[in-house]
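Under numbering that gives the first Met the number 0, the letters of the sequence shown match residues 0 to 110, in that order. By construction, the Cβ of each residue, glycine as well, lies at the ideal position given by its N, Cα and C atoms. Predicted model, so just to flag it, every value in this text is computed and none were measured. For reference, the structure is listed below as structure tokens.
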Amino acid sequence: MSMKVFDRTLEGLAKSLDLRSQAQAKVLAVDGKMPMDRSDSRHIASNGEVDSVQGEVYNQINDVVREDGNTVDRDEEMTSLFQNQLLYNAAADLVKKKLGMLKYAISDGGH
Numbered sequence: 000m001s002m003k004v005f006d007r008t009l010e011g012l013a014k015s016l017d018l019r020s021q022a023q024a025k026v027l028a029v030d031g032k033m034p035m036d037r038s039d040s041r042h043i044a045s046n047g048e049v050d051s052v053q054g055e056v057y058n059q060i061n062d063v064v065r066e067d068g069n070t071v072d073r074d075e076e077m078t079s080l081f082q083n084q085l086l087y088n089a090a091a092d093l094v095k096k097k098l099g100m101l102k103y104a105i106s107d108g109g110h
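Below you can see the structure in the form of structure tokens.
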């Protein structure tokens, strides 16, 4: 009898962390090009439908041009980074709690 230890929730959270990392890289990209692969060998591998989830990348056009020709709005960039960091941390906390529940179950409920 086969028992699956990691359920779809954990796979979804792992995918969410990957997408948040990609979003962070996109905001921080200086040359306007986001690397296609930001994976780490330590990330939890997932399979099934979760793998087909893709993040959406869009460019927001800023019509305000500073005297130096730069169109980057620092306040918008910082807000975007902060929002993305909050979402990443929330997903990471959920993964930590999920793994904590598995550890508790494996230890026979703490007995």
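Bounds of any alpha helix (DSSP H) do not take in G108, whose DSSP letter is neither H nor E. If you compare the alpha carbons of R19, G108, S15 and K95 with that of S79, the shortest gap goes to R19. CA-to-CA, the gap between G11 and V26 works out to about 23 Å.
K97 and D6 have their alpha carbons spaced roughly 10 Å apart. Counting only residues of its own chain and dropping the five nearest sequence neighbours on each side, A22 has a CB closer than 6 Å to the CB of N83. In the structure shown, N69 adopts coil according to DSSP, grouped into three states. Exposure of L85 is indicated by the presence of fewer than 16 other C-beta atoms within 10 angstroms of its C-beta. In the three-state reduction of the DSSP assignment, D17 falls in the helix class, which pools H, G and I. Secondary structure of V26 (DSSP, three-state): helix.
Linking D17 to D107 through their CA atoms gives a straight-line distance of about 32 Å.
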